[in-house]
Amino acid sequence: MKILLVEDHQESRKTLQHLIGRRGHEVFAVGSGEEAEKVMAAQKFPFLILDWMLPGKSGIELCQELRAQPRGDEMFILLVTARQDTEDLERALAAGANDYLTKPLDLALLNVRLSVAERQIRELAERNQARAALEESARTTSEILEKTMDGFFAVDHAWNFTYLNPEAETLLGRRRAELIGKELWKELPQLIGSPFEVNYRRVMTEQVPIEFEASDAPGKVWFEMHAYPSGRGMSVFFRDVSERKSIEEKRLTTSKLESLGTLAGGIAHDLNNILTVISGNIGLAQIEAPSDPRSLLSYLSKAGQAAQHAARLSGQLLTFSKGGAPLKRVASVAELLGRAAEFSLYGSNLRAEMDIPVDLWKADVDPGQIEQVVNALVINAREAMPHGGTVSIAARNVELEDKPGALLPAGRYVKITIADRGSGIEEELATRIFDPYFTTKPTASGLGLSISYSIVKKHGGLLHLESSSPEGSTFVFYLPADGEQLETSGPPTAEQALQFNQQRVLVMDDEAAIRELTSQLLGTLGYEVTAVPDGLEVVKLYERALRRGENFHAVILDAT
């Protein structure tokens, strides 16, 4: 270690230089404060030994000047003095000396003072080295953050911005000079109530890192966010992923179009078959009617059955599309499950294992549609176990909490689970099982699961494949539980329906054949029917009837 010794007494200077040098130090010795300043201007010394009384500038004055310089607190100063009064020693420490040594010198005490100085200088050097490393790390980090392609900002615990990099300025459209020291929520109020706020507050309160994607406004920029808690608040890396989201959306649209193409092909195939049956039987009836009137009823019956088949297909497609809204009433889910399972497994080599609590909540549902869902899932299980087995059907009351990214809103639900012990569904097929007309079975229509999904969705619920393995598949669907458990009235009885006989009915349909058929059917039941092709005509006739006091008792409208 380099040590500067400032002592005006030549013999004392030589003695000290020799004693200190024996400890392995390189000692530079001068006789005055002015000489010391010249030497220190050329090189640095971590350790100074100053005599109090010097010609010209005293050791106290030199000590004060050194401490006033930049980083002057980093050197160790040992003041040597013949003064032993307490006030003088306190003055030496107040001037900035780290320690002092009194004359005449005690060799043992000198070694103790030197050991203390060496330890403190070594510790100071280690601290300076660590500080320099931290400063270098901070500079490196700052350079990386300044040049990174990701946006980055930091806020303190009061949500005030403490740092933004240039990319954050670009992505946010704000200059950092405008934001530093300002509160995030006041400067970016559009984030309040958004997924950004929800996740940022979770990072702060729960002290967990969170990754998420969100848009600052509908149809605007999408960001991929990586938010981390820090000792001073929160740090956030983010990037614009709008292009990727657009590509994903286009890919999804393409997939939907492919599904629609499959759907259209399936519809055309099924309807062509049905129309062939209808037209064929009508043609046969026309040919055979003159020679064999009895065969007429048989052919017309077959045509009627085919028409009913077409009507069922149309109903399924309406359920799958935007139409087909469920006709809801409060019903016992337990009864629906039992009835549907019994019907679907009738005549099969499977049995149902029911696990339904007695206090299962009721639900506001369309019983027919929900039974259709259960039928589809149970039939799917039957086909997965051609050699027989057990279908597990369970139901539970569940209350879902409001969580970010949840697929269902918070509330009470009836959870239905239907599991089989078949061969499972291959992973690459699992993402397509709800696509219309998608099937791996040559005799299946491919509409069962897609229609079931649509039905459950229209009920405000959710249907999904929970798990699938070589040991079987498990489907789960949720139905909103009914809050008031009110019973609703059923359809009118035959006696009530007959009360409408002899009354006036107004029918509107743009298809002439439908108008004619509806008029004939209602006419055979004794109704007086007026049929029109459009809504304007309906309004005119209805107003005219009101003026004449000949009101229509019912109006039947084609909604499409």
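In the working numbering, the protein residues as written are 57 to 616. Heads up, the beta-carbon is just placed ideally off N, CA and C, and yes, glycines get one too.
Simplified DSSP assignment, three categories, for residue i
i: M290; result: strand
i: L578; result: helix
i: H520; result: strand
i: D141; result: coil
i: E267; result: strand
i: A153; result: coil
i: V221; result: Note that residue 221 is Asn in the sequence shown, not Val. Residue state, collapsed to three classes: coil.
i: S129; result: Before going further, note that residue 129 is Asp rather than Ser in the sequence given. DSSP places D129 in helix when its eight states are reduced to three.
i: M57; result: coil
i: V95; result: helix
i: N453; result: strand
i: R395; result: helix
i: Y284; result: strand
i: S400; result: helix
i: L613; result: strand
i: V277; result: coil
i: L416; result: coil
i: A500; result: Model confidence at A500 stands at a pLDDT of 46, short of 50, so the residue's coordinates are unreliable; what they give is reported in the following sentence. Note: A500 maps to coil in three-state DSSP.
i: N607; result: coil
i: S198; result: helix
i: V168; result: helix
i: T226; result: helix
i: V297; result: coil
Cβ shell of residue i (< 7 angstroms), same chain only, five flanking positions each side left out
i: R232; result: L220 and E225
i: G237; result: N216 and F217
i: L55; result: Lying outside 57 to 616, the shown extent of the chain, residue 55 is not represented and no answer is given.
i: I266; result: N255, R258, V259 and A283
i: L597; result: L562, T586 and V588
i: R172; result: A quick correction: the sequence has Val, not Arg, at residue 172. D155.
Classification of residue i by the beta-carbon crowding that lies within 10 angstroms, buried from 16 upward
i: I426; result: buried
i: Y469; result: buried
i: I303; result: exposed
i: H213; result: exposed
i: H443; result: exposed
i: V292; result: buried
i: G115; result: buried
i: R438; result: buried
i: Y402; result: exposed
i: N626; result: Limits of the chain in this structure are 57 at one end and 616 at the other, which puts residue 626 out of reach.
i: Q125; result: exposed
i: N436; result: buried
i: P465; result: exposed
i: V512; result: buried
Where the alpha helix (DSSP H) through residue i begins and ends
i: V430; result: P423 to A440
i: S68; result: Q66 to G77
i: S88; result: Here S88 belongs to no alpha helix (DSSP H), and DSSP marks it neither H nor E.
i: E243; result: L240 to E243
i: I116; result: G115 to A124
i: R232; result: R232 to L235
Rounded Cβ spacing between residue i and residue j (contact assumed at less than 8 angstroms)
i: L433; j: I474; result: 5 angstroms
i: E243; j: L235; result: 6 angstroms
i: A535; j: G517; result: Position check: residue 535 holds Leu in this sequence, whereas Ala was assumed. Yes, they are in contact, since the Cβ atoms of L535 and G517 sit about 5 angstroms apart, within 8 angstroms.
i: L106; j: C119; result: 6 angstroms
Where the beta strand (DSSP E) containing residue i begins and where it ends
i: R468; result: G467 to A475
i: V211; result: G207 to D212
i: G591; result: That residue, G591, is in no beta strand (DSSP E); its alpha helix (DSSP H) goes G591 to R604.
i: M410; result: L406 to D411
i: M260; result: Careful: M260 lies outside any beta strand (DSSP E), inside the alpha helix (DSSP H) at P251 to E262.
i: R560; result: R560 to M564
i: L106; result: F103 to D107
i: Y534; result: G528 to P536
i: T586; result: E584 to V588
i: V386; result: R385 to A387
Proximal residues to residue i (C-beta, below 8 angstroms), its chain only, five neighbours per side dropped
i: Y156; result: L134, L135, V136, T137, L145, A148 and L149
i: E91; result: V62
i: G579; result: V585
i: A451; result: V389, A390, L393, D411, I412, P413, L416, V470, K471, I472 and T473
i: E522; result: T473, T530, F531 and V532
i: S400; result: V430, N431, V434, I435 and R438
Contact set for residue i: own chain, Cβ-Cβ below 6 angstroms, skip 5 residues either direction
i: F294; result: G207, F279 and M281
i: G360; result: none
i: S68; result: none
i: S298; result: V277 and W278
i: E239; result: W215 and N216
i: A440; result: D476 and G478
i: W417; result: N453, V470 and A537
i: A396; result: E427, V430 and N431
i: N167; result: none
i: A419; result: V389, V470, L535, A537 and D538
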